[in-house]
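First comes the structure, then the notes that go with it.
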Amino acid sequence: MVIYGVALLSGCLIAGLFCGQLLGRLIGVQANVGGVGIAMLLLILVSDRLRKAGRLKPVSQRGIVFWSSIYIPVVVAMAASQNVVSAIEGGPVALLAGALAVGLGFALVPVISRLGGPRASGQAPEDGP
Numbered sequence: 019m020v021i022y023g024v025a026l027l028s029g030c031l032i033a034g035l036f037c038g039q040l041l042g043r044l045i046g047v048q049a050n051v052g053g054v055g056i057a058m059l060l061l062i063l064v065s066d067r068l069r070k071a072g073r074l075k076p077v078s079q080r081g082i083v084f085w086s087s088i089y090i091p092v093v094v095a096m097a098a099s100q101n102v103v104s105a106i107e108g109g110p111v112a113l114l115a116g117a118l119a120v121g122l123g124f125a126l127v128p129v130i131s132r133l134g135g136p137r138a139s140g141q142a143p144e145d146g147p
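Be aware that the sequence shown starts at 19, since it is given in the working numbering, and climbs by one per residue.
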């Protein structure tokens with residue numbers, strides 16, 4: 019049912035916001051640090067795992083597709099409501115955490131693309147030596 023997809027999205031959002039709030043407390047910032055991003059990653063990982071296991075039916079995927087189509091405006095609205103000035107005034111730790119997260123994200127792009135399997139451009143994967 020479609021409601022299962024929506025429930026999966028909601029559960030990932032709640033878990034992501036909790037983790038973001040916890041991360042904010044750990045680094046000494048009175049804000050949610052990356053909770054929505056964590057929720058998006060959780061949704062991707064969990065839905066992919068359920069789909070591969072055959073436990074996420076196409077009708078349930080429609081619930082995820084519906085909400086993911088309006089998810090970006092929701093993310094923008096939530097990010098705009100965060101107090102960025104407080105994070106910057108929190109000191110160099112907040113800036114360092116942001117810079118490290120961005121750097122790690124860029125560094126992981128090649129790793130994640132290799133996990134995706136063969137290239138979609140029709141080229142055969144390269145053979146090893």
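From the three backbone atoms N, C-alpha and C, an ideal C-beta is built for every residue, glycine too. It should be emphasised that the depicted structure is a prediction, and the values quoted were computed from it without experimental measurement.
Discussion item. Considering only their Cβ atoms, is the gap separating Ala33 from Leu60 smaller than 8 Å?
Written reply: yes
Practice prompt. In the DSSP assignment, find the unbroken alpha helix (DSSP H) run with Ile82 in it and report its ends.
Written response: Pro76 to Ser87
Fill in: Contacts around Ser8, its chain only, beta-carbon distance under 7 Å, and the 5 residues preceding and following it disregarded
Only positions 19 to 147 of the chain appear in the structure, and residue 8 is not among them; the question remains open.
Fill in: Length of the line joining the Cα atoms of Gly38 and Val47
11 Å
Item to complete: Grab me the residues of Pro91's own chain with a C-beta within less than 8 Å of its C-beta, minus the 5 sequence neighbours each way, in chain order.
Response: none
Practice prompt. Go ahead and label Gly121 buried or exposed: buried means 16 or more other beta carbons lie within 10 angstroms of its beta carbon, across all protein chains shown.
Written response: exposed
Item to complete: Rounded to whole angstroms, what's the CA-CA distance from Cys30 to Leu41? Just pull it up for me.
Response: 16 Å
Practice prompt. Using beta-carbon positions only, say whether Gly52 and Ala117 come within less than 8 Å of one another.
Written response: no
Worksheet entry | Delimiting residues of the alpha helix (DSSP H) encompassing Val111 | Pro110 to Leu133
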